[in-house]
Every structure is written in C-alpha cells, then in structure tokens.
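**Q** Sharing a structure below in structure tokens format, with a few things to ask.
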Amino acid sequence: MIDGPVQSALLMLVGVVTGPLFDAGYFYALLPVDGLLVGVGMLMTSFSTEYYQIILSQGICVGIGTGCVFVPSVALLPQYFKRRRALANGIAASGSSIGGVLYPIVFHQLQGKNGFAWATRVVSFIALATCAVSICVMRLRFRPQERRALLRLSAFREPEYTLFCLSCFLGFLGFYNFLVYAQPYAIQTKIVNENLGFYLVAILNAASTFGRVVPDLVADYTGSLNMLIPALAITTLLAYCWVAVQSTSGIIALSAMYGFFSGGFVSLVPVVMMTITTDFREFGTRLGMCFALESIALLIGTPVGGAILNSTGSYLGVQLFCGSCLAACAITLLIIRFLRSGPKLRYKT
205 MIDGPVQSAL LMLVGVVTGP LFDAGYFYAL LPVDGLLVGV GMLMTSFSTE YYQIILSQGI
265 CVGIGTGCVF VPSVALLPQY FKRRRALANG IAASGSSIGG VLYPIVFHQL QGKNGFAWAT
325 RVVSFIALAT CAVSICVMRL RFRPQERRAL LRLSAFREPE YTLFCLSCFL GFLGFYNFLV
385 YAQPYAIQTK IVNENLGFYL VAILNAASTF GRVVPDLVAD YTGSLNMLIP ALAITTLLAY
445 CWVAVQSTSG IIALSAMYGF FSGGFVSLVP VVMMTITTDF REFGTRLGMC FALESIALLI
505 GTPVGGAILN STGSYLGVQL FCGSCLAACA ITLLIIRFLR SGPKLRYKT
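Basically this note's numbering = 1-based index in the sequence shown + 204.
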C-alpha cells in the first residue's frame with residue numbers, strides 16, 4: 205500500500221507552497237481548501253472500487269488538503285506566543301495524536317456494523333466538522349506588509365539550517381517504520397492476536413499525546429534542542445529494543461514508550477526551527493522548505509522498510525533500518541548543538 209506514504213509526503217511537500225502563502229497573508233484562503241479537499245477526498249474513498257482510485261482520493265486529494273493547513277497552522281503559533289512557544293506547539297501537536305486514537309477506533313467499530321463505505325463516509329463527515337471548527341477559530345494576529353518569495357534558498361547557506369533539514373530527513377526516513385510494521389510484526393509472530401494488535405497503534409498514539417506536551421513543557425526551560433536530542437536518543441534505543449521484544453506485555457510497553465518519546469521528536473521540530481529563524485516573517489517559508497525535504501523521506505521510508513522485509517523475509521532488517529536512521533538523526537542534532545555551544549554541557553539552546 206502506497207496511499208499512506210503518498211498522503212504523508214504530500215502533507216509535508218505542499219508546505220513548500222503553503223508556507224510562503226502563509227507568509228504572504230493567504231492563510232484564510234487555505235483553510236476552506238483544506239476542509240473541502242479532505243472531506244471530498246475521504247468521501248470519494250468510500251466510492252472507490254479500484255486501487256488507483258484510492259491513491260487519487262485518499263493519497264493525493266486528502267494529502268494535498270491536509271498539506272494546505274499543516275505548515276500554516278504551525279507557523280501561526282509564534283504570532284501568539286513568545287515565552288511558552290514550545291508548550292503551545294506541543295499542545296497543538298497533541299491534537300493529531302488524539303485523532304490518531306479516535307479515528308481508527310471509530311472506523312473499526314463502524315466498519316464491522318455498516319461496512320467500509322459508510323464507515324468512511326461517517327469519518328469524512330467528522331473530518332469536515334472538525335475542519336469547520338478550525339475555519340471558525342483560527343485567526344491571524346497580524347498580516348504581512350510586503351510580498352514574499354516562494355523560496356528562500358539562501359537559508360541553505362546557514363550550516364545550522366542545512367544540518368537541521370538533514371537531521372529531519374534522516375529521522376523521518378526511519379521513524380514511521382515502527383508505526384507501520386510493529387503491528388503486523390506482533391500479529392504475524394503470534395505475540396498478540398489480531399484484536400489486540402489493532403489497538404497497538406491506538407496505544408502508541410495515546411502515549412504520544414502526552415509525549416507531545418510534557419517534553420515541550422520542559423523545553424521552555426531547558427531549550428528545545430536540549431530536549432529534542434534526549435527524546436530522539438531514547439526513541440532510537442526503543443527502536444533497537446524492538447528486535448528483542450517477544451511478549452505481549454513487551455510489545456504493549458514498547459509501543460507506549462515509543463509513542464511517548466517519539467512524540468517529543470514530532471512536536472519539537474518546529475520549535476527548534478523557531479530558534480534558527482531570526483526573521484519570523486520568513487518562518488513559514490523556511491519551515492515549508494524543511495518539510496518539503498522531509499516529504500521525500502516520508503514517501504520512501506516505509507516502502508524501503510517493506511522492500512527490506514520482502515527481500516529478507518524477516519523484520520530484523522526493518523527494525524535495524526528504523527533504529528539506524530533515528531541514530532543518524534540524533535548524531536546530526538548533536539553536531540548542531542556543538543556548533544551552537546561548543547563543548548559546554550550546561551547551555552540552554
């Protein structure tokens with residue numbers, strides 16, 4: 205299945221356009237486009253009978269729709285918060301984890317009673333309703349006074365920005381392999397039955413809800429990069445621990461811990477980007493360019509994991525690939541910290 209990677213990639217890739225559009229003052233135009241594309245895409249999925257139709261509706265249409273609002277909604281937060289930006293971003297990011305808990309459960313229950321088509325339609329109506337709430341409450345605090353370029357390629361002349369984009373690429377190349385393959389691994393190896401296996405992703409997302417808030421709360425005092433590095437280091441260790449898990453309690457605990465600590469990785473990326481952006485009028489553009497590079501990692505990361513699985517017939521290669529990509533990401537972040545602080549250990553950054 206490639207509709208998932210396509211949707212995730214477009215979520216990030218579209219940011220290279222929507223970020224500059226946000227900086228140029230077109231935020232309100234993007235919100236209804238998001239609601240329309242997400243609602244229509246999911247509704248069309250319910251009528252799909254061929255795989256290419258699912259790619260077009262669920263992968264491309266929904267992916268572009270979510271991409272229209274993802275970067276702008278993150279870029280909006282610095283307009284309202286100066287002191288507690290990390291916590292504000294963490295609370296906002298926790299919403300996607302809550303959705304990651306509720307949507308699969310709602311769909312699973314409805315599908316058993318009403319079938320795939322109506323389950324998908326109900327979920328699309330819920331998505332439309334939540335998008336309508338966003339349209340009503342999200343407001344710009346100030347509008348830009350000048351036109352902005354679509355790209356700011358000069359940002360890549362900054363070593364910190366370039367290294368940070370590289371670290372994000374490496375991290376997201378491996379990150380989602382656990383989310384995608386931990387569930388089938390646990391079911392196929394008879395660690396859990398199919399019913400319990402379904403809820404592993406919900407457990408992970410529930411833990412990630414707290415993992416996106418708690419590290420961000422601490423980051424306001426320690427520095428966002430100082431919090432991101434240990435969160436990612438622990439996530440890396442947990443990815444490698446996946447190799448040794450052979451029990452039901454073990455896979456449940458691992459899913460919960462991976463969700464919690466990786467939540468810090470997901471939510472702190474925009475906050476660290478704030479610290480390497482001197483002119484916040486360009487924040488959306490810089491974030492969009494970074495996410496565009498991440499989109500490539502999201503597009504190829506889990507298919508690479510699937511190719512490893514198919515060629516070896518074992519999940520070991522997937523597990524090592526996941527852990528190694530996260531380790532490379534952590535090492536790159538350590539280099540960024542060294543560029544900022546040198547050998548100092550006690551340095552807020």
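Yeah, the Cβ is synthetic: ideal placement off N, Cα and C, and Gly gets one too.
Decide if the segment 304-321 is in contact with the segment 486-506; the criterion is three or more beta carbon pairs, one per stretch, under 8 Å apart.
**A** No contact exists between the segment 304-321 and the segment 486-506.
**Q** Over the uninterrupted alpha helix (DSSP H) stretch that includes Trp446, give me the two end residues.
**A** In the sequence shown, residue 446 corresponds to position 242, counting from 1. Unbroken run through Trp446: none, as it is neither H nor E.
**Q** May I ask which residues mark the beginning and end of the alpha helix (DSSP H) holding Val396?
**A** Taking the sequence shown and counting its residues from 1, the one referred to as residue 396 is at position 192. Run containing Val396: none; DSSP gives neither H nor E here.
**Q** Using the Cα positions of Ala228 and Arg347, report the straight-line distance between them to the nearest angstrom.
**A** By 1-based counting over the sequence shown, the position of residue 228 is 24. By 1-based counting over the sequence shown, the position of residue 347 is 143. Between Ala228 and Arg347, the C-alpha separation is close to 8 Å.
**Q** Could you pull out every residue in the same chain whose Cβ sits closer than 7 Å to the Cβ of Val242, ignoring the five residues on either side in sequence?
**A** Locating residue 242 in the sequence shown gives position 38, counting from the first residue. Within the same chain, Val242 has close Cβ partners Val266, Gly269, Thr270, Ala331 and Cys335.
**Q** How big is the Cα-Cα spacing for Ala390 and Gln523?
**A** The residue given as residue 390 occupies position 186 in the sequence shown. The residue given as residue 523 occupies position 319 in the sequence shown. So the alpha carbons of these two residues sit roughly 13 Å apart.
**Q** Could you tell me the alpha carbon to alpha carbon distance between Thr516 and Leu377, rounded to whole angstroms?
**A** On the sequence shown, residue 516 is found 312 positions in, with the first residue counted as 1. On the sequence shown, residue 377 is found 173 positions in, with the first residue counted as 1. Taking the straight line joining both Cα atoms gives about 19 Å.
**Q** Go to Pro282, then tell me how far its alpha helix (DSSP H) extends in each direction, as first and last residue.
**A** Numbered from 1 along the sequence shown, position 78 holds the residue referred to as residue 282. Segment: none, Pro282 is in no alpha helix (DSSP H) and carries neither H nor E.
**Q** Quick one: residues in its chain with C-beta nearer than 6 Å to the C-beta of Met565, no 5 flanking neighbours on either side, listed in chain order?
**A** It is not possible to answer for residue 565, since the shown part of the chain is limited to 205 through 553.
**Q** Please report the residue range of the alpha helix (DSSP H) in which Pro236 lies.
**A** The residue labelled residue 236 in the question sits at position 32 within the sequence shown. Note, Pro236: alpha helix (DSSP H), Phe231 to Thr249.
**Q** Per DSSP, what kind of secondary structure is Ala333 in: helix, strand or coil?
**A** Locating residue 333 in the sequence shown gives position 129, where the first residue counts as 1. Residue state, collapsed to three classes: helix.
**Q** Mind the definition here: the segment 211-225 touches the segment 391-404 only if three or more C-beta pairs lie below 8 Å; say whether that holds.
**A** Because the criterion of three Cβ pairs below 8 Å is not met, the segment 211-225 and the segment 391-404 do not touch.
**Q** Would you call the segment 270-282 and the segment 408-415 touching, i.e. three or more CB-CB distances under 8 Å?
**A** no
**Q** Would you tell me roughly how many angstroms separate the C-alpha atoms of Leu370 and Asn430, rounded to the nearest one?
**A** Here residue 370 is taken as the residue at index 166 of the sequence shown, counted from 1. Here residue 430 is taken as the residue at index 226 of the sequence shown, counted from 1. Computed Cα separation, rounded: 18 Å.
**Q** Throw me the rounded Cβ distance for the Val447 and Leu520 pair, which I believe falls under 8 Å.
**A** As a position in the sequence shown, residue 447 is number 243, starting the count at 1. As a position in the sequence shown, residue 520 is number 316, starting the count at 1. About 6 Å separates the two Cβ atoms, so the contact holds.
**Q** Tell me whether Phe402 sits in a helix, a strand or coil according to DSSP, three-state version.
**A** Translated into positions along the sequence shown, residue 402 becomes position 198. Three-state result, Phe402: helix.
**Q** Is Gln387 buried or exposed, if buried means 16 or more other CB atoms sit within 10 Å of its CB?
**A** As a first step, residue 387 is located in the sequence shown; it is residue number 183 there, counting from the start. Residue environment: Gln387 is assigned as buried (16 or more neighbouring CB atoms within 10 Å of its CB, all protein chains considered).
**Q** Going straight from the alpha carbon of Asp238 to that of Thr324, what length do you get?
**A** Taking the first residue of the sequence shown as position 1, residue 238 is located at position 34. Taking the first residue of the sequence shown as position 1, residue 324 is located at position 120. Roughly 18 Å separates the two Cα atoms.
**Q** Locate the alpha helix (DSSP H) running through Met493, then write down its first and last residues.
**A** Reading the sequence shown from its first residue, position 289 is the one you call residue 493. Counting along the chain, the alpha helix (DSSP H) containing Met493 begins and ends at Phe487 to Thr516.
**Q** Within its chain, find whatever has a CB closer than 7 Å to the CB of Ala297; leave out the 5 residues flanking it on each side and keep chain order.
**A** As a working note, residue 297 is residue 93 in the sequence shown. Here the set comprises Arg416, Val470 and Ser471.
**Q** From Phe311 to Ser250, what does the alpha carbon distance come to, in whole angstroms?
**A** Your numbering for residue 311 matches position 107 in the sequence shown. Your numbering for residue 250 matches position 46 in the sequence shown. One C-alpha to the other measures close to 12 Å.
**Q** Between Arg541 and the rest of its own chain, which residues show a CB-CB distance below 7 Å, the 5 nearest in sequence each way excluded?
**A** Numbered from its first residue, the sequence shown carries residue 541 at position 337. Within the same chain, Cβ atoms closer than 7 Å to the Cβ of Arg541 are found at Leu429, Ile433 and Thr553, the five residues on either side in sequence being excluded.
**Q** I need the DSSP call for Thr270, collapsed to helix, strand or coil.
**A** Here the question's residue 270 lines up with position 66 in the sequence shown. Three-state DSSP puts Thr270 in a helix.
**Q** Under a Cβ-count criterion, where at least 16 other Cβ atoms within 10 Å of its own Cβ denotes burial, should Asn293 be classed as buried or exposed?
**A** In the sequence shown, the residue the question calls residue 293 occupies position 89. Buried is the call here.
**Q** When you compare each of Ala359, Thr452, Glu362 and Ser301 to Lys394 by their alpha carbons, which one comes out closest?
**A** As a working mapping, residue 394 is identified with position 190 in the sequence shown. Among Ala359, Thr452, Glu362 and Ser301, the Cα nearest to that of Lys394 belongs to Thr452.
**Q** With H, G and I counted as helix, E and B as strand and the rest as coil, what does DSSP make of Leu228?
**A** The residue you call residue 228 lines up with position 24 of the sequence shown. Note that residue 228 is Ala in the sequence shown, not Leu. Three-state DSSP puts Ala228 in coil, outside helix and strand.
**Q** From Leu549 to Ala423, what does the alpha carbon distance come to, in whole angstroms?
**A** Counting from 1 along the sequence shown, the entry for residue 549 is found at position 345. Counting from 1 along the sequence shown, the entry for residue 423 is found at position 219. Computed Cα separation, rounded: 16 Å.
**Q** In angstroms, rounded to a whole number, what distance separates the CA positions of Leu421 and Gln257?
**A** Walking along the sequence shown from the start, residue 421 turns up at place 217. Walking along the sequence shown from the start, residue 257 turns up at place 53. Approximately 42 Å, taken between the alpha carbons.
**Q** Output yes or no for whether 8 Å exceeds the beta carbon distance between Ile339 and Pro276.
**A** The count along the sequence shown starts at 1 and reaches residue 339 at position 135. The count along the sequence shown starts at 1 and reaches residue 276 at position 72. No, the Cβ-Cβ distance between Ile339 and Pro276 is not below 8 Å.
**Q** So which of Thr479, Val218 and Phe382 has the shortest CA-CA distance to Phe465?
**A** Looking up residue 465 in the sequence shown gives position 261. Comparing alpha-carbon positions, the option among Thr479, Val218 and Phe382 lying closest to Phe465 turns out to be Phe382.
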